[in-house]
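S.K.: Attaching a single structure in C-alpha cells format; questions to follow.
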Amino acid sequence: MVKADHIHNDEPAISVKHIAKNFILPHEKSTSLKTNIVSIFKQKRRTKETQRALKDVSFDIKKGEFFGILGRNGSGKSTLLKILAEIYQPTNGSVKVNGKLVPFIELGVGFNPELTGRENVYLNGALLGFSRKEIDDRYDDIVSFAELEDFMDQKLKNYSSGMQVRLAFSVATRAEADILLVDEVLAVGDADFQRKCFEYFKGLKRTGKTVVFVTHDMSAVREYCDEAILINEGVVAFNGSADRVADEYLKLFNRATDDENTEKVGSERWGNGQVELIDNEFVIGDTIKFSMEIKSKIDIEDVVVGFRFYDESNNILAGASSVNARIGAVRGIVFKKDKSKQVTFECENILGTGTYRLGYTIRLTDMVTVCDDNENLLTFRYNRPESHQPIICPVTLTINQE
Amino acid sequence: MLEDIKARYRYSLLLMRELVITEFKLRYQGSVLGYLWSLLKPLFLFSILYFVFVHFLRIGSDIPDWPLAMLLGIVLWNFFGEITGGGLGSVVARGDVIRKINFPKYVIVVASSISAFINLLLNLVIIAIFMIITGVDLHWGALLAPLYILELFIFAIGLAFMFAALFVRLRDINHIWEIISQALFYGSAVIYPIAMVAEQSAFLAKLLLLNPIAQSIQDVRHSLINEVNPTLYTMTGSVVIASIPIVLSLLTFFIGAYYFKKKAPYFAENV
Numbered sequence: 298m299v300k301a302d303h304i305h306n307d308e309p310a311i312s313v314k315h316i317a318k319n320f321i322l323p324h325e326k327s328t329s330l331k332t333n334i335v336s337i338f339k340q341k342r343r344t345k346e347t348q349r350a351l352k353d354v355s356f357d358i359k360k361g362e363f364f365g366i367l368g369r370n371g372s373g374k375s376t377l378l379k380i381l382a383e384i385y386q387p388t389n390g391s392v393k394v395n396g397k398l399v400p401f402i403e404l405g406v407g408f409n410p411e412l413t414g415r416e417n418v419y420l421n422g423a424l425l426g427f428s429r430k431e432i433d434d435r436y437d438d439i440v441s442f443a444e445l446e447d448f449m450d451q452k453l454k455n456y457s458s459g460m461q462v463r464l465a466f467s468v469a470t471r472a473e474a475d476i477l478l479v480d481e482v483l484a485v486g487d488a489d490f491q492r493k494c495f496e497y498f499k500g501l502k503r504t505g506k507t508v509v510f511v512t513h514d515m516s517a518v519r520e521y522c523d524e525a526i527l528i529n530e531g532v533v534a535f536n537g538s539a540d541r542v543a544d545e546y547l548k549l550f551n552r553a554t555d556d557e558n559t560e561k562v563g564s565e566r567w568g569n570g571q572v573e574l575i576d577n578e579f580v581i582g583d584t585i586k587f588s589m590e591i592k593s594k595i596d597i598e599d600v601v602v603g604f605r606f607y608d609e610s611n612n613i614l615a616g617a618s619s620v621n622a623r624i625g626a627v628r629g630i631v632f633k634k635d636k637s638k639q640v641t642f643e644c645e646n647i648l649g650t651g652t653y654r655l656g657y658t659i660r661l662t663d664m665v666t667v668c669d670d671n672e673n674l675l676t677f678r679y680n681r682p683e684s685h686q687p688i689i690c691p692v693t694l695t696i697n698q699e
Numbered sequence: 349m350l351e352d353i354k355a356r357y358r359y360s361l362l363l364m365r366e367l368v369i370t371e372f373k374l375r376y377q378g379s380v381l382g383y384l385w386s387l388l389k390p391l392f393l394f395s396i397l398y399f400v401f402v403h404f405l406r407i408g409s410d411i412p413d414w415p416l417a418m419l420l421g422i423v424l425w426n427f428f429g430e431i432t433g434g435g436l437g438s439v440v441a442r443g444d445v446i447r448k449i450n451f452p453k454y455v456i457v458v459a460s461s462i463s464a465f466i467n468l469l470l471n472l473v474i475i476a477i478f479m480i481i482t483g484v485d486l487h488w489g490a491l492l493a494p495l496y497i498l499e500l501f502i503f504a505i506g507l508a509f510m511f512a513a514l515f516v517r518l519r520d521i522n523h524i525w526e527i528i529s530q531a532l533f534y535g536s537a538v539i540y541p542i543a544m545v546a547e548q549s550a551f552l553a554k555l556l557l558l559n560p561i562a563q564s565i566q567d568v569r570h571s572l573i574n575e576v577n578p579t580l581y582t583m584t585g586s587v588v589i590a591s592i593p594i595v596l597s598l599l600t601f602f603i604g605a606y607y608f609k610k611k612a613p614y615f616a617e618n619v
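Quick look at the structure:
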C-alpha cells in the first residue's frame, strides 16, 4: 500500500511532451462569405501566415511542486498555459494531466454585470465545477472572505472593480483542485487584497497542491517557486531551480536589450554626433553610479549631460542633468576637440525592486541642439533588499579632465 | 450504471443548469410583464395571422378546428426558430468564457435549446386550454404527439449545432439563415392548411411534407387536434415515404453534431 502510494506520487502532475502550437493567421481575416468569394474570383490565394507560438516544449511538473513558467511578452508562455488548461489544442505533442486541474487564467469567468453578486457566484461556481448544493454549503464562506455581505443582492454592474475581483477570487479559492494554473492574478487588486492572495498561495504550498505559475515577476518566482522553466521564442530556454532560471531570465533580458542597443543605433540613438558617448559604466549598490565617457569632435563649451530612469511602463522615475540647480553651478561643460571627459552621476540608491531602463542625453545649453541621445541605453533588474527603504536624495556630480 | 453516467456528465449537467437559469433571468430582466411575454408573443402573432388569413381571406374555413391547428403550428414553428436562431449565435456569444476556461462546448447549444423547450411547454399549456374550450376530442393517437415534437427537436438542434460551429468562422450564416427560415415558414404549411396545397397539386403537398418541419407539425395536428389534418402517411400510404423526413431529421442531427464536435476544440482560438 505504501509502495503503491509512493509510485503514485512519483508520477508527474503534468507531463508535457514535444508541444508545438501554430496559429494560422490569414492576413485579412475572412469572416464573411463575400471576402471568401471575392478571394476565389481574384484567383489569388490569400496569403496566410503561420505563427509558430510554440515550437517544441517538453517538461514535467512533479506533484506538490510550485512551478514557474517565465518568459517575456510574446514568448509563448500564455499559449502554453492555455494548452495546459486545454483551452487550446496543441498542433503537435501531448499533455498528460494527473489530477483535477483548475485554471486561474482569469478571475470571474462568466461574470455577468446584469446579474446580482449572488447569481454570479453560482454561475462562476458552475464553471469551476460546483453544483448548486456545493455552492450553498460554501456560500457564507465565500461572501465573508470577499467581505461583501451587504452587496450580494446588488447587480454586479454596481460593484467597483476591486469588489468584483474580491468576489471572483473568493469563489476561485473554494475550487478543490489538485493542480492550479495561475496567470499573474497576483498582479491585480489593492495592497490588502494582494496580501490575501499571497497568504492563500502560501497556504496552497503547505497543503501540497501543485501550482503552475506564469509570470515575469522575478521576485515572486524566487519567493514561491521550486522549479521553473524559461520560455523564449517558443522553446524551453532553461529548465531548473527557480533561482537559477530567474538568473538566466535576467541575463537573457539584459542581453536582449544590449542587442537592441547595437541594432537600434539608428533609431533609438540620435543626435548630431559632435559630442558623443563612447563608453559608460553603471553600478548599482548602496549608491547608484553612472559614469559616462564623452568625447567631442569640436571645441565646445556649453554641453549639458543628463540621465533618466524609466520604469517598465515607460514612466520617468528620476533623472538629473548637469544644469540641474541642485547639482551645482555648472552651466555648460567645456570640451576640447578630440578630447574626452568622464562625467559621473552618483546618488543614493532610491530604487525599489523592479525593472528599469536607463537613458541619457547630451545636448547644448539651448536644450534644442541634441548631440547624442539614447532613451534606451540599458535595461536592468534590481532586487532591493527589504531592509533598504527607497529615499529621495540630492545628486552629486563630478567632472574630471582626462 | 446510472451513477456512472451521472458522474461522467456531472459537470456538463450542472453547467447547463446554470446557463439555462442565467438565460431565463436575463431574457426578461427589467420588463414589467416578464415571462408572460413568451406566451403573449405567439398569441399576438396568432391573432394577426388569424385575422388576415382566416377571418378575411377565409383560408381553412372548411377545416374543423383550423384556427387551433394554426396556433399549434405557430407555437411549433417558434420552437424550431428559437432553437436554430438561438443556437446559431450561442457559441459566439459565449466567446469570452470559451477563451478562458475549457468546458464541453455542446452545453452552450443544448442550454439555449432548453429554454426554447420550456417556452414550448408553457405554450402547449395555452393550447391545452384552447382545446378544452373548443371541446376537441382527444384520442389515443395524441400519445404520439410528443414523439413528433421530439423529432422536430432533433432536427432543430442538429441544425443549431451546425450553424453554431459555422458561425464562429463565417458570420454570414445568420443572414443566410434568416432568409431561408422565412422561406421555410411559408413553405411548411404553418399558416395555411396543407389540404389547400393538395387541392392544387397533391404531388406538391407531398413534396412539402418531406420537410421535417412541415411533416412534424402536420403529424402533431393530426394526432392532437383533428384527424382531418392529413399527414405524409395518410396522403401516400407508404411507410417508406413517411419515414423519409424522420431519417432526414436524424441525419441532420448526426451531421450537425459531428461537425460541431470536430470544430469545438478550435473555438477558443477562432471565436
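These protein sequences, in sequence, are chains A and B. Using my numbering, count along the first sequence one by one with no gaps and you end on 699. Using my numbering, count along the second sequence one by one with no gaps and you end on 619. Quick reminder that beta carbons are idealized off the backbone N, C-alpha and C, glycines included. Computed from a predicted structure; not experimentally measured.
(1) What first and last residue would you give for the alpha helix (DSSP H) that runs through B:Leu-367?
(2) So does A:Leu-381 have its beta carbon nearer than 8 Å to some heavy atom of the ligand ZN?
(3) For the pair the region 566 to 579 of chain B and the region 602 to 616 of chain B, tell me if three or more CB-CB distances fall below 8 Å.
(4) Pull up the distance between the alpha-carbon of A:Asn-612 and that of A:Asn-529, whole angstroms please.
(5) Using only alpha-carbon positions, find the residue among A:Met-449, A:Leu-478 and A:Asp-608 that is nearest to A:Leu-464.
(6) Out of curiosity, what's the CA-to-CA distance linking B:Leu-367 and A:Ser-372?
(7) Can you find at least 3 beta carbon pairs, one from the region 420 to 436 of chain B and one from the region 461 to 472 of chain B, that sit closer than 8 Å?
(8) Any chance you could list the alpha helix (DSSP H) runs of at least 4 consecutive residues sitting entirely within the region 520 to 588 of chain B, in chain order?
(9) Count the other CB atoms within 10 Å of the CB of B:Trp-414; is the residue buried (16 or more) or exposed (fewer)?
(10) In the structure shown, what three-state DSSP assignment does A:Glu-590 receive?
(11) Find the nearest neighbour of A:Lys-345 within the set A:Arg-541, A:Pro-323 and A:Asn-673, judged by alpha-carbon distance.
(12) Within 10 Å of its beta-carbon, does B:His-487 have 16 or more other beta-carbons around it, so buried, or fewer, so exposed?
(13) Pull up the CB-CB distance for A:Gln-292 and A:Phe-408, whole angstroms please, since I reckon it's below 8 Å.
(14) State yes or no: is the beta carbon of A:Thr-554 nearer than 9 Å to at least one beta carbon in chain B?
(15) Note down, in chain order, every chain B residue with its Cβ under 7 Å from the Cβ of A:Pro-400.
(16) Three-state secondary structure (DSSP) at A:His-303?
(17) Counting Cβ pairs, one atom from each stretch, are 3 or more of them under 8 Å apart for the region 411 to 426 of chain B and the region 591 to 599 of chain B?
(18) Applying a beta-carbon distance threshold of less than 7 Å, which residues of chain A neighbour B:Leu-363?
(19) Please check if any C-beta of chain A sits within less than 9 Å of the C-beta of B:Arg-356.
(20) As a quick exercise: from A:Ser-457, A:Gly-414 and A:Arg-471, pick the residue whose alpha carbon is nearest that of A:Asp-434.
(21) Against A:Ile-316, what residues of chain B qualify as contacts under a CB-to-CB distance less than 9 Å, listed in chain order?
(22) Please name the residue or residues paired with A:Arg-566 in a DSSP beta bridge.
(23) Relative to the alpha-carbon of B:Ile-466, which residue among B:Arg-442, B:Ser-395 and B:Ser-386 has its alpha-carbon at the smallest distance?
(24) Would the region 360 to 369 of chain A and the region 400 to 413 of chain B be scored as touching if the rule is three or more Cβ pairs under 8 Å?
(25) Going straight from the alpha carbon of A:Arg-660 to that of A:Val-667, what length do you get?
(26) B:Asp-520 to B:Leu-500, Cα distance in whole Å?
(27) Could you tell me the boundaries of the beta strand (DSSP E) in which A:Arg-605 lies?
(28) Does DSSP put A:Thr-559 in a helix, in a strand, or in coil?
(29) For a contact defined as C-beta to C-beta under 8 Å, what are the partners of A:Ala-382 on chain B?
(30) Would you mind working out which of A:Asp-544, A:Thr-641 and A:Phe-498 sits nearest A:His-513, comparing C-alpha positions?
(31) Grab me the residues of B:Leu-468's own chain with a C-beta within less than 6 Å of its C-beta, minus the 5 sequence neighbours each way, in chain order.
(32) At what residues does the beta strand (DSSP E) containing A:Gln-348 begin and finish?
(33) Taking any Cβ of chain A, which residues in the region 437 to 471 of chain B have a Cβ under 9 Å from it, in chain order?
(34) Could you please give the first and the last residue of the uninterrupted beta strand (DSSP E) stretch that includes B:Arg-482?
(35) Could you pull the start and end residues of the alpha helix (DSSP H) that A:Tyr-521 belongs to?
(36) Just checking my contact of B:Phe-451 with A:Leu-549 at CB under 8 Å: how many whole Å lie between their CB atoms?
M.R.: Let's see:
(1) For the purposes of this step, residue 367 of chain B is identified with residue 19 of the second sequence, where counting begins at 1. Note, B:Leu-367: alpha helix (DSSP H), 358 to 375.
(2) In terms of ligand content, the structure shown is empty, and the ligand ZN therefore cannot be addressed.
(3) Touching, no.
(4) Looking up residue 612 of chain A in the first sequence gives position 315. Looking up residue 529 of chain A in the first sequence gives position 232. Answer to the nearest angstrom: the Cα atoms are 26 Å apart.
(5) For the purposes of this step, residue 464 of chain A is taken as the residue at position 167 of the first sequence. Comparing Cα-Cα distances from A:Leu-464 to each of A:Met-449, A:Leu-478 and A:Asp-608, the minimum goes to A:Met-449.
(6) Reading the second sequence from its first residue, position 19 is the one you call residue 367 of chain B. Reading the first sequence from its first residue, position 75 is the one you call residue 372 of chain A. The straight-line gap from Cα to Cα measures roughly 35 Å.
(7) Three or more beta-carbon pairs separated by less than 8 Å link the region 420 to 436 of chain B to the region 461 to 472 of chain B, which places the two stretches in contact.
(8) If we require 4 residues or more, the alpha helix (DSSP H) runs fully inside the region 520 to 588 of chain B come out as 521 to 535, 542 to 548, 550 to 557, 560 to 572 and 580 to 584.
(9) Along the second sequence, read from residue 1 onward, the residue named residue 414 of chain B stands at position 66. Under this definition B:Trp-414 is a buried residue.
(10) Position 293 of the first sequence, counted from the start, is the residue given in the question as residue 590 of chain A. If DSSP states are grouped into helix, strand and coil, A:Glu-590 belongs with the strands.
(11) Within the first sequence, numbered from 1, the residue matching residue 345 of chain A stands at position 48. Across the set A:Arg-541, A:Pro-323 and A:Asn-673, the C-alpha of A:Pro-323 shows the shortest separation from the C-alpha of A:Lys-345.
(12) One-based indexing of the second sequence puts residue 487 of chain B at position 139. Per the 10 Å Cβ criterion, exposed.
(13) In this structure chain A extends from 298 to 699, so residue 292 of chain A is not present and cannot be described.
(14) Locating residue 554 of chain A in the first sequence gives position 257, where the first residue counts as 1. Confidence in A:Thr-554 is poor, its pLDDT being 46 and thus under 50, which makes the residue's placement unreliable; the coordinate value appears in the next sentence. False, the Cβ-Cβ gap to chain B never drops below 9 Å.
(15) Indexing the first sequence from 1 puts residue 400 of chain A at position 103. Within 7 Å Cβ-Cβ: Ile-449.
(16) As a working mapping, residue 303 of chain A is identified with position 6 in the first sequence. At A:His-303, the pLDDT of 40 sits below 50, so the modelled position is not reliable; the number obtained from the coordinates is stated separately. When DSSP states are grouped into helix, strand and coil, A:His-303 belongs to the helix group.
(17) With the cut-off at 8 Å, the region 411 to 426 of chain B and the region 591 to 599 of chain B do not touch.
(18) By one-based count along the second sequence, residue 363 of chain B stands at place 15. By Cβ distance, chain A contributes Ala-423 and Leu-424.
(19) Taking the second sequence and counting its residues from 1, one reaches residue 356 of chain B at position 8. Under the Cβ distance rule, B:Arg-356 does not count among the residues neighbouring chain A, no pair being separated by less than 9 Å.
(20) Start at 1 with the first residue of the first sequence, and residue 434 of chain A comes out as number 137. It is A:Arg-471.
(21) Sequence index remark: in the first sequence, residue 316 of chain A carries index 19 (1-based). Against chain B, the beta carbon of A:Ile-316 has no neighbour under 9 Å; the closest one sits roughly 15 Å away.
(22) Indexing the first sequence from 1 puts residue 566 of chain A at position 269. Bridge partners of A:Arg-566: A:Asn-671.
(23) On the second sequence, position 118 is the one that residue 466 of chain B refers to. It is B:Ser-386.
(24) Touching, no, given that fewer than three Cβ pairs across the two stretches are closer than 8 Å.
(25) Position 363 of the first sequence, counting from 1, holds the residue named residue 660 of chain A. Position 370 of the first sequence, counting from 1, holds the residue named residue 667 of chain A. If you take the alpha carbons of A:Arg-660 and A:Val-667, they lie about 4 Å apart.
(26) Numbered from 1 along the second sequence, position 172 holds the residue referred to as residue 520 of chain B. Numbered from 1 along the second sequence, position 152 holds the residue referred to as residue 500 of chain B. Straight across, the Cα-Cα distance linking B:Asp-520 with B:Leu-500 is about 25 Å.
(27) Stepping through the first sequence from its first residue, residue 605 of chain A is reached at position 308. Boundaries of the beta strand (DSSP E) around A:Arg-605: 597 to 607.
(28) As a position in the first sequence, residue 559 of chain A is number 262, starting the count at 1. In this predicted model, A:Thr-559 has a pLDDT of only 37, less than 50, meaning its place in the structure is not dependable enough to derive any value.
(29) The residue you call residue 382 of chain A lines up with position 85 of the first sequence. Result: Ile-449 and Asn-450.
(30) Looking up residue 513 of chain A in the first sequence gives position 216. Looking at the Cα atoms, A:Asp-544 is the closest of the given residues.
(31) Taking the second sequence and counting its residues from 1, the one referred to as residue 468 of chain B is at position 120. The residues are Phe-427.
(32) Translated into positions along the first sequence, residue 348 of chain A becomes position 51. It spans 345 to 358 - the beta strand (DSSP E) in which A:Gln-348 sits, taken as one unbroken run.
(33) When C-beta distances to chain A are compared with 9 Å, the residues of the region 437 to 471 of chain B below that value are Arg-442, Asp-444, Val-445, Ile-446, Arg-447, Lys-448, Ile-449, Asn-450 and Phe-451, in chain order.
(34) As a first step, residue 482 of chain B must be located in the second sequence, where it is residue number 134. Strictly speaking, residue 482 of chain B in this sequence is Thr, with Arg absent from that position. No beta strand (DSSP E) holds B:Thr-482; the alpha helix (DSSP H) holding it covers 454 to 482.
(35) Stepping through the first sequence from its first residue, residue 521 of chain A is reached at position 224. 515 to 521 is the span of the alpha helix (DSSP H), which, as asked, contains A:Tyr-521.
(36) The sequence position of residue 451 of chain B within the second sequence is 103, counting from 1. The sequence position of residue 549 of chain A within the first sequence is 252, counting from 1. In fact, because the Cβ distance is near 36 Å, the residues do not count as touching under 8 Å.
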